[in-house]
Amino acid sequence: MIVLAFKNFIRSNSVKIGLSFLLIAGIVSLFVGKQFIEKQEQNITETAAYQKEYIARNVHHHQDEIGLLLYYLKFAFVNETLPINGLSIGQRDVNSSIQSLTIRGLEAQKYDADLNNPTNLLLGNIDFSFVLIFLFPLIIIAFTYNIISEEKESGTWRIVAIQSKNLFLYVLRLFFIRFFGVILVLFFILLLSVFFLKIPLESIFFSFIGISLLYILCWFGICFWVASLQKSSNANAVILLSIWIVLIIILPASLNNYLVNKYPVPEALSTTLKQRKGYHEKWDTDKAETMSRFYTHYPQFKQFPLPDKEFSWLWYYAMQQIGDDEAATQATAFKEKLNQRNRVSNSIAQFIPTIHTQIQLNEIAQSGLSNHLQFLEETGKFHEKMRLYFYPKIFGEVPVNSENWEKFKVETFKNPHESGGLQSYLSLVIFILLFGALGWVNFKKSIYQV
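Counting the sequence shown from 1 gives a position; this note's numbering is that position plus 29.
The following block contains the structure:
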């Protein structure tokens, strides 16, 4: 009987259309991911070439004052883009992965973003995570909403009940047939991604597969529970589509709205304004006061006294630093608000499988908010390193030609992957077991009802 059920499932035109739709959508998502990765690689290559040419040109034109030269020079810092990022683009399309910084005030530069077509940002990227989270559940619903109700409505359930030795096991096999078809498409798309996106077969890729597999099992668990309610096909379809809308659209939008209102970030604008105001006001402030605050921040530079002249680069870069210092409170508050949003969203996502899956996929691909916050943190350290390297040369007025400018290459931030361990899987496993247990209890009570 189960062999016949399998043949009927495979021969169904609706099944062929559904699986073909998933496969096509998955392949399209791989093209989108590959295009994104290539764009990132091109940006990095062009940035490296531009930095080399830009430094050489400015060194040629500004050989008299190293302070003036470093007013213009920019040094690039790159957030590494992993090949697996093509499967889950996350926030990488709105948060810049390249920072080109001068050694002047940091806060006015840190949040510069790449130029993008706003229409593209509005529509978003159809990456694989979108296909998995949004489209796979719809196909699962289409395959399972009438898995029992159709036979009851057609009057064949009596025959099945008589011929089957274990009716519950028969129902499980029907679900497994559909699960097997969906998983084949999933694994085929992921196998293609290995060759298409050149993803190495490492632990992060297997973690990605594990989360994807559990997410699909979670939706089969939901469908199993709804089928166990013994409703009509129409009722099952309405219930499952309502669950899809709640989990995919309503709850994520509600969570986002809650976080935006609970943790507003007016500091995003005030940080930059405070830095610029703090810097510009120093033009009319007593130089001794500015230098006193600068020496308090960097006591190691007290050996460089302020020259007795109208303008000096020591005073100019001291003003830039004080601008950052005056914006430090807003910058810290802004960073803390973003960290709070990240922590709260991760905590709440434990109870919403769709959001949890998206967050975990982004964490694995290093394309989420956590990665961006770490990149901004490392950007600050990179900027400070460049400052501390060049300040003594500027204040000591060393000759421009004494520096080997060719050694300054684009630096890359590599975020080591830290597996979330069992916690990253636990939420989905609990949902699978919960809906599976509820369905099992319901089936045991009513499976033989006609």
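C-beta atoms are modelled at their ideal positions from N, C-alpha and C, and glycine is treated no differently. A quick note: this is a predicted structure, and the numbers were derived from the prediction, not measured.
Exercise for review: Figure out for me which residue from Val-44, Gly-352 and Ile-388 has the closest Cα to the Cα of Asn-371.
Suggested key: Stepping through the sequence shown from its first residue, residue 371 is reached at position 342. The candidate whose alpha carbon is nearest that of Asn-371 is Ile-388.
Practice item. Tell me whether Asn-149 is buried or exposed, calling it buried when 16 or more other Cβ atoms sit within 10 Å of its Cβ. Key: Locating residue 149 in the sequence shown gives position 120, where the first residue counts as 1. Because the pLDDT of Asn-149 is 46, which lies under 50, any placement of that residue in the model is unreliable, and the number read from its coordinates should be weighed accordingly. Classification of Asn-149: exposed, given that the 10 Å Cβ count is below 16.
Point to revise | Residue environment, Leu-144, which counts as buried when at least 16 other CB atoms sit within 10 Å | key: Position 115 of the sequence shown, counting from 1, holds the residue named residue 144. The predicted position of Leu-144 is uncertain, since its pLDDT is 48 and thus under 50; no value can be drawn from it.
Check your understanding: Leaving out the 5 sequence neighbours to the left and right, which residues in its chain are closer than 7 Å to Gln-379 when beta-carbon positions are compared?
Key -> On the sequence shown, residue 379 is found 350 positions in, with the first residue counted as 1. The residues are His-385 and Ser-456.
Check your understanding: Could you give the C-beta distance for Gly-250 and Ile-459, rounded to a whole number, given that I count them as a contact under 8 Å?
Key -> Residue numbering aside, residue 250 sits at position 221 when the sequence shown is read from its first letter. Residue numbering aside, residue 459 sits at position 430 when the sequence shown is read from its first letter. Not really, about 10 Å apart at Cβ, beyond 8 Å.
**Study point:** Bridge-paired residues (DSSP) for Val-107
**Key:** Against the sequence shown, residue 107 aligns to sequence position 78. Paired residue(s): Ile-127 and Thr-441.
Check your understanding: In angstroms, rounded to a whole number, what distance separates the CA positions of Pro-166 and Gly-239?
Key -> Your numbering for residue 166 matches position 137 in the sequence shown. Your numbering for residue 239 matches position 210 in the sequence shown. Their Cα atoms are separated by approximately 17 Å.
Review point. Cβ atoms of Phe-253 and Gly-409: under 8 Å apart, would you say?
Key: For the purposes of this step, residue 409 is taken as the residue at position 380 of the sequence shown. For the purposes of this step, residue 253 is taken as the residue at position 224 of the sequence shown. Cβ distance not < 8 Å, so Gly-409 and Phe-253 don't count as in contact.
Review point. Expressed to the nearest angstrom, what Euclidean distance is found between the alpha-carbon atoms of Lys-364 and Leu-276?
Key: In the sequence shown, the residue the question calls residue 364 occupies position 335. In the sequence shown, the residue the question calls residue 276 occupies position 247. About 29 Å.
Point to revise | Collapsed DSSP secondary structure at Asn-265 in the structure displayed | key: Residue numbering aside, residue 265 sits at position 236 when the sequence shown is read from its first letter. Residue state, collapsed to three classes: helix.
Exercise for review: Output the distance between the C-alpha atoms of Lys-438 and Val-107, rounded to the nearest integer angstrom.
Suggested key: The count along the sequence shown starts at 1 and reaches residue 438 at position 409. The count along the sequence shown starts at 1 and reaches residue 107 at position 78. Taking the straight line from one Cα to the other gives about 11 Å.
**Study point:** Straight-line Cα distance separating Glu-339 from Tyr-76
**Key:** Here residue 76 corresponds to residue number 47 of the sequence shown, with the count starting at 1. Here residue 339 corresponds to residue number 310 of the sequence shown, with the count starting at 1. Reading the sequence as shown, one finds Thr at residue 76 and not Tyr. Distance between the alpha carbons of Thr-76 and Glu-339 is about 37 Å.
Point to revise | Closest residue to Ile-169 among Glu-413, Lys-474, Leu-243 and Val-211 (Cα-Cα distance) | key: In the sequence shown, residue 169 corresponds to position 140, counting from 1. That would be Val-211, whose Cα lies nearest to the Cα of Ile-169.
Exercise for review: Let me know the secondary structure DSSP gives Gln-92 once reduced to three states.
Suggested key: On the sequence shown, position 63 is the one that residue 92 refers to. In the structure shown, Gln-92 sits in coil (DSSP, three-state: anything other than H, G, I, E or B).
**Study point:** Rounded Cβ spacing between Glu-136 and Ala-360 (contact assumed at less than 8 Å)
**Key:** In the sequence shown, the residue the question calls residue 136 occupies position 107. In the sequence shown, the residue the question calls residue 360 occupies position 331. Going by Cβ atoms, the distance from Glu-136 to Ala-360 rounds to 6 Å, so yes, they are a contact pair.
Review point. For Thr-358, which three-state DSSP category applies?
Key: Taking the sequence shown and counting its residues from 1, the one referred to as residue 358 is at position 329. Three-state result, Thr-358: helix.
Review point. Do Ser-49 and Asn-391 have their C-beta atoms within less than 8 Å of each other?
Key: Looking up residue 49 in the sequence shown gives position 20. Looking up residue 391 in the sequence shown gives position 362. Cβ atoms of Ser-49 and Asn-391: not closer than 8 Å.
Check your understanding: If you compare alpha carbons, which of Arg-187, Glu-231, Pro-112 and Asn-124 is closest to Phe-157?
Key -> Numbered from 1 along the sequence shown, position 128 holds the residue referred to as residue 157. Residue Pro-112 is the option with its Cα nearest to Phe-157.
Check your understanding: Along the chain, where does the alpha helix (DSSP H) that runs through Asn-285 open and close?
Key -> Stepping through the sequence shown from its first residue, residue 285 is reached at position 256. Segment 280 to 291, the alpha helix (DSSP H) holding Asn-285.
Point to revise | Coarse secondary structure for Tyr-327, derived from DSSP in three states | key: Indexing the sequence shown from 1 puts residue 327 at position 298. Tyr-327 falls in the coil class under three-state DSSP.
Exercise for review: Confirm, please, whether the CB-CB distance from Ile-393 to Ile-233 is below 8 Å.
Suggested key: On the sequence shown, residue 233 is found 204 positions in, with the first residue counted as 1. On the sequence shown, residue 393 is found 364 positions in, with the first residue counted as 1. Against a cut-off of 8 Å, the Cβ pair of Ile-393 and Ile-233 comes out as a contact.
Point to revise | Cβ-based burial, Leu-51 [other Cβ within 10 Å; buried from 16] | key: On the sequence shown, residue 51 is found 22 positions in, with the first residue counted as 1. It is buried - the Cβ of Leu-51 has at least 16 other Cβ atoms within 10 Å.
Practice item. Note down the Cα distance separating Ile-188 from Phe-235, rounded to an integer number of angstroms. Key: For the purposes of this step, residue 188 is taken as the residue at position 159 of the sequence shown. For the purposes of this step, residue 235 is taken as the residue at position 206 of the sequence shown. Their backbone Cα atoms lie some 43 Å apart in a straight line.
Point to revise | CB of Ser-41 within 8 Å of CB of Phe-159, strictly | key: The residue labelled residue 41 in the question sits at position 12 within the sequence shown. The residue labelled residue 159 in the question sits at position 130 within the sequence shown. No, the Cβ-Cβ distance between Ser-41 and Phe-159 is not below 8 Å.
Review point. Between Phe-208 and Ala-171, what straight-line distance do the alpha-carbon atoms span, to the nearest angstrom?
Key: By one-based count along the sequence shown, residue 208 stands at place 179. By one-based count along the sequence shown, residue 171 stands at place 142. Going from the Cα of Phe-208 to the Cα of Ala-171 covers about 12 Å.
Check your understanding: Taking C-alpha atoms, which residue in His-89, Ser-376, Lys-103 and Asn-265 lies nearest to Tyr-79?
Key -> Counted from its first residue, the sequence shown places residue 79 at position 50. The residue with the shortest Cα to Cα distance from Tyr-79 is Lys-103.
Review point. Per DSSP, what kind of secondary structure is His-401 in: helix, strand or coil?
Key: Here the question's residue 401 lines up with position 372 in the sequence shown. Helix at His-401.
Exercise for review: Enumerate in chain order the residues of its own chain whose CB-to-CB distance from Ser-126 is below 7 Å, with the five nearest sequence positions on each side excluded.
Suggested key: Sequence index remark: in the sequence shown, residue 126 carries index 97 (1-based). Gln-69, Val-107, Asn-108 and Thr-110, listed in sequence order.
Practice item. Quick one: residues in its chain with C-beta nearer than 7 Å to the C-beta of Ile-39, no 5 flanking neighbours on either side, listed in chain order? Key: One-based indexing of the sequence shown puts residue 39 at position 10. Nothing listed; no residue qualifies.
Check your understanding: Which first and last residues belong to the alpha helix (DSSP H) in which Gly-210 is found?
Key -> If you number the sequence shown from 1, residue 210 lands on position 181. Note, Gly-210: alpha helix (DSSP H), 196 to 225.
**Study point:** Cβ-based burial, Pro-334 [other Cβ within 10 Å; buried from 16]
**Key:** Numbered from 1 along the sequence shown, position 305 holds the residue referred to as residue 334. Its Cβ having fewer than 16 others within 10 Å, Pro-334 is exposed.
**Study point:** Separation of Phe-472 from Phe-197, as counted between CA atoms
**Key:** Residue numbering aside, residue 197 sits at position 168 when the sequence shown is read from its first letter. Residue numbering aside, residue 472 sits at position 443 when the sequence shown is read from its first letter. Between Phe-197 and Phe-472, the C-alpha separation is close to 7 Å.
Point to revise | Presumed contact (8 Å Cβ cut-off) between Gly-119 and Gly-397, rounded CB distance | key: The count along the sequence shown starts at 1 and reaches residue 119 at position 90. The count along the sequence shown starts at 1 and reaches residue 397 at position 368. About 5 Å separates the two Cβ atoms, so the contact holds.
Check your understanding: Helix, strand or coil: which one does DSSP assign to Tyr-174?
Key -> Within the sequence shown, residue 174 is the residue found at index 145, counting from 1. It is coil, neither helix nor strand.
Point to revise | Rounded separation between Ser-222 and Leu-367 - CA only | key: The sequence position of residue 222 within the sequence shown is 193, counting from 1. The sequence position of residue 367 within the sequence shown is 338, counting from 1. For Ser-222 and Leu-367, the distance between alpha carbons rounds to 32 Å.
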